[in-house]
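Undergrad: Residue numbers (the numbering used here): 66 to 232.
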Amino acid sequence: MSTRLEPHLLPYRRNVGAVLFSPAGLVLVCRRADLPNAEGAPGGWQLPQGGIDEEEDPARAVLRELAEEIGTDRAEVIEEHPEWLSYDLPPELLGRALGGRYRGQTQKWFALRFTGEDRDIRLDADPHPEFDAWRWTRLAELPGLAVGFKRAIYDRLAADFAHLARP
Numbered sequence: 066m067s068t069r070l071e072p073h074l075l076p077y078r079r080n081v082g083a084v085l086f087s088p089a090g091l092v093l094v095c096r097r098a099d100l101p102n103a104e105g106a107p108g109g110w111q112l113p114q115g116g117i118d119e120e121e122d123p124a125r126a127v128l129r130e131l132a133e134e135i136g137t138d139r140a141e142v143i144e145e146h147p148e149w150l151s152y153d154l155p156p157e158l159l160g161r162a163l164g165g166r167y168r169g170q171t172q173k174w175f176a177l178r179f180t181g182e183d184r185d186i187r188l189d190a191d192p193h194p195e196f197d198a199w200r201w202t203r204l205a206e207l208p209g210l211a212v213g214f215k216r217a218i219y220d221r222l223a224a225d226f227a228h229l230a231r232p
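1) Starting from Tyr219, follow the alpha helix (DSSP H) in both directions and report where the run begins and ends.
2) Check this for me: beta carbons of Phe196 and Val142, under 8 Å apart or not?
3) Put Val142 into one of helix, strand or coil per three-state DSSP.
4) Can you give the Cα-Cα distance for Ala230 and Phe86, rounded to whole angstroms?
5) Compare the beta carbon distance of Arg129 and Gln111 with 8 Å and say whether it is the shorter of the two.
6) Below 6 Å CB to CB, which residues in the same chain sit around Ala190 once its five sequence neighbours on both sides are set aside?
7) Rounded to the nearest angstrom, what separates Gly109 and Val94 at their Cα positions?
8) Shortest alpha-carbon distance to Asp138 belongs to which of Leu188, Leu75, Thr202?
9) Roughly how many angstroms separate the alpha carbons of Glu120 and His193, rounded to a whole number?
10) Please list, in chain order, all residues of the same chain as Tyr77 whose beta carbon is under 8 Å from its beta carbon, the five residues on each side excluded.
11) For Pro147, does the count of other Cβ atoms within 10 angstroms reach 16, so buried, or fall short, so exposed?
12) Expressed to the nearest angstrom, what Euclidean distance is found between the alpha-carbon atoms of Glu145 and Val81?
13) Whole-angstrom Cβ separation of Trp256 and Leu74, contact assumed at under 8 Å?
14) So, are the CB atoms of Glu133 and Gly115 less than 8 Å apart?
So this is what it looks like as structure tokens:
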């Protein structure tokens with residue numbers, strides 16, 4: 066009997082994502098520590114995101130995730146994306162990524178305004194950091210920085226939050 070993984074039977078993991086705008090209208094991107102990273106290589110950079118705990122409000126979850134992933138929650142929500150956006154993992158990651166229990170993620174995205182200073186961003190605040198570098202970039206550059214299976218979501222975020230990308 067085969068134990069072949071059938072992705073359509075797996076659920077999506079509920080997740081929140083943060084499009085964190087600087088006062089200058091740029092967006093924070095972080096480089097994943099677990100991927101081979103050549104400077105400027107596509108796919109290694111992403112927006113902060115993470116799972117939603119059981120019964121947790123997504124707007125609270127996004128601030129918690131910021132604190133966990135970038136060491137600060139000095140931000141205010143300025144807009145919530147009206148839809149949940151989903152992506153499927155590519156076949157080579159099914160059964161391995163996301164604990165092997167999910168086919169992908171369904172995400173509630175928030176635009177936030179950073180209220181701190183650059184020195185408040187501390188990737189080393191967690192003993193097992195997810196990221197090893199960060200930078201501010203133009204919102205329009207997001208899709209080109211994303212891994213292929215997340216690119217459609219980053220395209221959508223760049224379009225839907227474009228009106229916020231100004232000082």
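Every residue, glycine too, gets a C-beta built ideally from N, C-alpha and C.
TA: In short:
1) Taking the sequence shown and counting its residues from 1, one reaches residue 219 at position 154. Element bounds for Tyr219: 216-225.
2) Residue mapping note: residue 196 aligns to position 131 of the sequence shown, counting from 1. Residue mapping note: residue 142 aligns to position 77 of the sequence shown, counting from 1. No, they are not a contact pair.
3) Here residue 142 refers to the residue found at position 77 of the sequence shown. Here Val142 sits in strand by DSSP.
4) Numbered from its first residue, the sequence shown carries residue 230 at position 165. Numbered from its first residue, the sequence shown carries residue 86 at position 21. Roughly 7 Å separates the two Cα atoms.
5) Position 64 of the sequence shown, counted from the start, is the residue given in the question as residue 129. Position 46 of the sequence shown, counted from the start, is the residue given in the question as residue 111. Taking 8 Å as the Cβ cut-off, Arg129 and Gln111 do not qualify as a contacting pair.
6) For this step, residue 190 is matched to residue 125 along the sequence shown. Around Ala190: Gly136.
7) Taking the first residue of the sequence shown as 1, we reach residue 109 at position 44. Taking the first residue of the sequence shown as 1, we reach residue 94 at position 29. Roughly 10 Å between the two C-alpha positions.
8) Taking the first residue of the sequence shown as 1, we reach residue 138 at position 73. Comparing Cα positions, the closest option is Leu188.
9) In the sequence shown, the residue the question calls residue 120 occupies position 55. In the sequence shown, the residue the question calls residue 193 occupies position 128. The alpha-carbon atoms of Glu120 and His193 are separated by roughly 25 Å.
10) Reading the sequence shown from its first residue, position 12 is the one you call residue 77. Excluding sequence neighbours, Tyr77 sits near Ser151, Tyr167, Arg168, Gly169, Gln170, Thr171.
11) As a working note, residue 147 is residue 82 in the sequence shown. When all chains shown are included, Pro147 counts as exposed.
12) The sequence position of residue 145 within the sequence shown is 80, counting from 1. The sequence position of residue 81 within the sequence shown is 16, counting from 1. Glu145 and Val81: Cα-Cα distance of roughly 10 Å.
13) Outside the shown range of the chain (66 to 232) lies residue 256, about which nothing can therefore be said.
14) The count along the sequence shown starts at 1 and reaches residue 133 at position 68. The count along the sequence shown starts at 1 and reaches residue 115 at position 50. In this structure, Gly115 lies closer than 8 Å to Glu133 by Cβ.
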